[in-house]
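Report on one structure; see the data block that follows.
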Amino acid sequence: MQATFPMSLRQVLPLWRKIIRLYFSVVFGFSEVHKDLPSGKLMNDIAAQVGTSASLELRLPKHFAERFNRNFSEVTRSILKETEEPDFTRILASSFLVRALQCVVCLAYGSWGLLVGPLQFLVAPLSFTGSFIRLLTNGSDCLLHYMCSLCVAALLYTTGALSWLPTLTIDITFVVAFFSIDFALNCLVYYLSSERFGVQRLLLHVVYGSFNTKTYFLVVFGSLCGYSFNLGLMILTGLLTVVIKRYGLYQKTLRLCRWPCFVICFYVEHRIGHLPVVYQHAHKMHHYLHDTTAFDAHIYGSGMNEEFFWILAETLPCLLAPSLFFPYFLNLDTIHASLTNKPAHTRTKEGSGHCMDEDNFHADHHTLHRANYGSALGVLLDFYFNTMGTETKGARGLAYRRCEEKDEIVIRIERCEGPLAVPSNAPCSKDMEEVEEFHTVRSITEAELAAHRTLDDPGIWIALNGDVYDVTKFHRIHPGGSQIILQHAGKDATSVFASVGHSQKAKAMAAKRLIGHLKVAQD
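Be aware that the sequence shown starts at 1212, since it is given in the working numbering, and climbs by one per residue.
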């Protein structure tokens, strides 16, 4: 059943509270896993230690992962119980219209176009939490940028350098040059690194991906049309940002403030973005095409409806304090992140030597959806929470193996040479192996389907498009995670299956488990 459109405030407010509460209940607890995890020092130490030794073994407590996954499962069940399936096609079309209108108003009337932005919360109200949490994920980086910019501006002002250093003005020439360079880089990454897509499919990625990710810049540039900033300010701020991060001052500050690093914030935000119903209101726009190219890469890894607060963060400081600041995405450190995000969002061809993600860790997320939530730096979290894809071995030259003991999760990390295409040496448990299943096809009643919703006897069945499948042995190896299978055990999962999108391979895997046809009771 489709949800009413738009959602009422009475429906929306409890969901906002539930999602925000979930975020803050888990994001500050990662020190329970390891004291150096919240600051990000653990990930740096792993890279350094594995670089000088054959392997590294981490023993992490199991209780936090169990509580974390349990909290997400409870919120998921609550959302599915309290809300109906949203009409994603309508949300997508309405959101695109709002963004197109905002671009036009910003280009015509400058910062007045920012007032159009809140219209997205009328057509996609649950995008409010997604865009707010998206800001929190990079909020500390953004704050660092503006603090560095303020310090450099004060230095240039006191030395008189602001008066003679060259300036850049955001005008039509600047905008055309920016988008031309960006498009050329996307084409270069595709040519050097990407698997080849058909012409029609590639054009779809170019058109849809550009609208989804580049209209953000149109809104910011339109709001700041005519704004001038000092070139020396831009360069020195970027260098200062890099130095602070390179020498560990940023991590020490995060640890002092007890604020989690990007890797943690991104993982938590990303999993929340994939919650049912919430997903259709915002983050699904980033996954609409079920694969990814450099044209789909946003510097913040977000969908269009997750950008509202970031647009304000880019524009308001510049509007309120001219000459002291410039947009965060023009910081040299952020530009570097933007450039590396292009190959990270590319479906890499085999043997490519030009890609930072040759094992397609993040590209696989765009086809698996409910696996590989971490950034390329945060693969450890996927293995800790057991949300990695069944074929995932690692990323960025590190291979991971996971096993569970009584009270611990043991993760072994090894350095690999070249792409991580070789299978892990860790033996798979019996229930993690792919199993050929053959059944007699028969007629199955709705009551019989509903009775099959437990792992023990009688097992787990789901219905898809009128057919019933036995997924008792399959749920553990489901690429999107076992939880989504368990949520729909004994139910019709057709709408969820369709909304996520599945490849022909996935449909063939499902066909192996066909046991019957659903007999619908007559009124």
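All C-beta atoms in this analysis are idealised placements derived from N, C-alpha and C, irrespective of residue type, glycine included.
>> Suppose you measure from the CA of Lys-1684 to the CA of Leu-1579; what does that come to, to the nearest Å?
In response: Counting only the Cα atoms, Leu-1579 lies some 19 Å from Lys-1684.
>> Does the contact criterion of 3 or more C-beta pairs under 8 Å hold for the region 1258-1277 versus the region 1485-1493?
In response: Contact between the region 1258-1277 and the region 1485-1493 is absent, because fewer than three Cβ pairs lie under 8 Å.
> Whose C-alpha, out of Thr-1287, Pro-1377, Tyr-1402, Phe-1428, is nearest the C-alpha of Ile-1383?
Replying inline: Ranking Thr-1287, Pro-1377, Tyr-1402, Phe-1428 by CA distance to the CA of Ile-1383 puts Phe-1428 first.
>> Alpha carbons only, please: which of Trp-1672, Asp-1681, Ser-1549 is nearest the one belonging to Ile-1392?
In response: In this structure, Ser-1549 is the residue among Trp-1672, Asp-1681, Ser-1549 with its C-alpha nearest to the C-alpha of Ile-1392.
>> So, under 8 Å CB-CB, Phe-1344 and Glu-1480 are touching, yes? Tell me the CB distance rounded to an integer number of Å.
In response: A quick correction: the sequence has Ile, not Phe, at residue 1344. At roughly 5 Å, the Cβ-Cβ gap stays under 8 Å, so Ile-1344 and Glu-1480 are in contact.
>> Can you list, in chain order, the residues of its chain with a C-beta nearer than 8 Å to that of Ala-1674? Leave out the 5 residues immediately preceding and following it.
In response: Closer than 8 Å at Cβ, skipping near neighbours: Leu-1660, Tyr-1680, Lys-1702, Asp-1703, Ala-1704, Thr-1705, Leu-1729.
>> So Ile-1483 and Ile-1230 are supposed to be a Cβ contact under 8 Å. How far apart are they, rounded?
In response: Rounded to whole angstroms, the Cβ separation of Ile-1483 and Ile-1230 is 6 Å, and the two are in contact under 8 Å.
>> Considering only the alpha carbon of each residue, which of Leu-1531, Asp-1352, Lys-1273 lies closest to Leu-1543?
In response: Comparing alpha-carbon positions, the option among Leu-1531, Asp-1352, Lys-1273 lying closest to Leu-1543 turns out to be Asp-1352.
> Skipping 5 residues on each side, what residues in its chain have a beta carbon closer than 6 Å to that of Cys-1359?
Replying inline: So the list reads Thr-1448, Leu-1451, Thr-1452, once near-sequence residues are dropped.
> Can you list, in chain order, the stretches of the alpha helix (DSSP H) that have 4 or more residues and sit fully within the region 1522-1610?
Replying inline: Counting whole runs of 4 or more residues, the region 1522-1610 contains the alpha helix (DSSP H) stretches 1543-1555, 1572-1579, 1590-1596.
>> Taking DSSP's pairing of strands, which residues face Asn-1676 in a bridge?
In response: Within the DSSP secondary-structure output, Asn-1676 pairs in no beta bridge.
>> Please report the distance separating the alpha-carbon of Val-1418 from that of Ser-1306.
In response: Distance between the alpha carbons of Val-1418 and Ser-1306: 16 Å.
> Is Gly-1437 buried or exposed, if buried means 16 or more other CB atoms sit within 10 Å of its CB?
Replying inline: Sixteen is the threshold: since fewer than 16 other Cβ atoms of the shown chains lie within 10 Å of the Cβ of Gly-1437, the residue is exposed.
> What do you get for Arg-1284, buried or exposed, if any count of 16 or more other CB atoms within 10 angstroms of its CB means buried?
Replying inline: The residue asked about is misnamed: residue 1284 is Ser in this sequence, not Arg. By the neighbour-count rule (16 or more Cβ atoms within 10 Å), Ser-1284 is not buried but exposed.
>> Helix, strand or coil, according to DSSP, for Ile-1671 in the structure here?
In response: Of the three classes helix, strand and coil, the one that applies to Ile-1671 here is strand, per DSSP.
> Are the beta-carbon atoms of Gly-1600 and Gly-1433 separated by less than 8 Å?
Replying inline: Between Gly-1600 and Gly-1433, the C-beta gap is not smaller than 8 Å, which leaves the two residues out of contact.
>> Helix, strand or coil for Ile-1392? Go by DSSP, reduced to three states.
In response: In the structure shown, the three-state DSSP call for Ile-1392 is helix.
> Should Gly-1251 be counted as a contact of the ligand ZN given a C-beta to heavy atom distance under 7 Å?
Replying inline: No copy of the ligand ZN occurs in the structure displayed, which carries no ligand at all.
> Touch check for the region 1403-1410 and the region 1311-1330: three-plus C-beta pairs under 8 Å?
Replying inline: In short, these stretches do not touch, since the Cβ pair count stays below three.
>> Taking only three categories from DSSP, how would you classify Arg-1466?
In response: Note: Arg-1466 maps to helix in three-state DSSP.
> Gly-1585 to Leu-1591, Cα distance in whole Å?
Replying inline: Computed Cα separation, rounded: 8 Å.
> My guess is that His-1492 and Ala-1335 are in contact by the Cβ rule of under 8 Å, so how many angstroms apart are they, rounded?
Replying inline: About 4 Å separates the CB atoms of His-1492 and Ala-1335; that is less than 8 Å, so the two are in contact.
> Whose C-beta lies closer than 7 Å to the C-beta of Ile-1302 among residues of the same chain, with five residues either side of it excluded?
Replying inline: The beta carbon of Ile-1302 sits closer than 7 Å to the beta carbons of Val-1334, Ala-1335, Gln-1491, His-1492 from its chain, once the five residues preceding and following it are set aside; these are given in chain order.
> Is it true that the CB of Ala-1524 sits closer than 8 Å to the CB of Leu-1187?
Replying inline: Not covered by the structure: residue 1187. The range shown for the chain is 1212 to 1734.
> Pick from Cys-1529, Arg-1664, Glu-1518: whose alpha carbon is nearest that of Gly-1349?
Replying inline: One point to set straight first is that residue 1349 is Asn, not Gly, in the sequence displayed. The residue with the shortest Cα to Cα distance from Asn-1349 is Glu-1518.
>> Alpha carbons only, please: which of His-1356, Arg-1221, Asp-1247 is nearest the one belonging to Met-1445?
In response: The shortest C-alpha separation from Met-1445 is found at His-1356.
>> DSSP has Phe-1440 in a bridge; who is on the other side?
In response: Answer by DSSP bridge pairing, in chain order: Leu-1379.
>> Looking only at its chain, what residues have a beta carbon closer than 8 Å to the beta carbon of Leu-1367, apart from the 5 residues adjacent to it on each side?
In response: Leu-1373, Leu-1376, Asn-1441, Gly-1443, Leu-1444, Leu-1447.
> Which residue or residues does DSSP assign as beta-bridge partners of Glu-1406?
Replying inline: Within the DSSP secondary-structure output, Glu-1406 pairs in no beta bridge.
> Smallest Cα separation from Leu-1588: which of Thr-1551, Val-1474, His-1576, Arg-1581?
Replying inline: Closest by alpha carbon: Val-1474.
> According to DSSP, what are the bridge partners of Pro-1272?
Replying inline: By DSSP's assignment, Pro-1272 forms a beta bridge with Glu-1619.
> With distances taken from CA atoms, which of Val-1431, Arg-1581, Ile-1455 is nearest His-1192?
Replying inline: The shown model of the chain, from 1212 to 1734, leaves out residue 1192, and the question about it has no answer.
> Tyr-1402 to Lys-1604, Cα distance in whole Å?
Replying inline: Rounded to the nearest angstrom, the gap between the Cα atoms of Tyr-1402 and Lys-1604 is 26 Å.
> Which of the three DSSP states, helix, strand or coil, is assigned to His-1728?
Replying inline: In the structure shown, His-1728 falls within a strand segment according to DSSP collapsed to helix, strand and coil.
>> If you reduce the DSSP assignment to three classes, tell me which class Ile-1290 lands in.
In response: Ile-1290: helix per DSSP, three-state reduction.
> So, helix, strand or coil for Ser-1654, using DSSP?
Replying inline: Annotated three-state conformation of Ser-1654 is strand, per DSSP.
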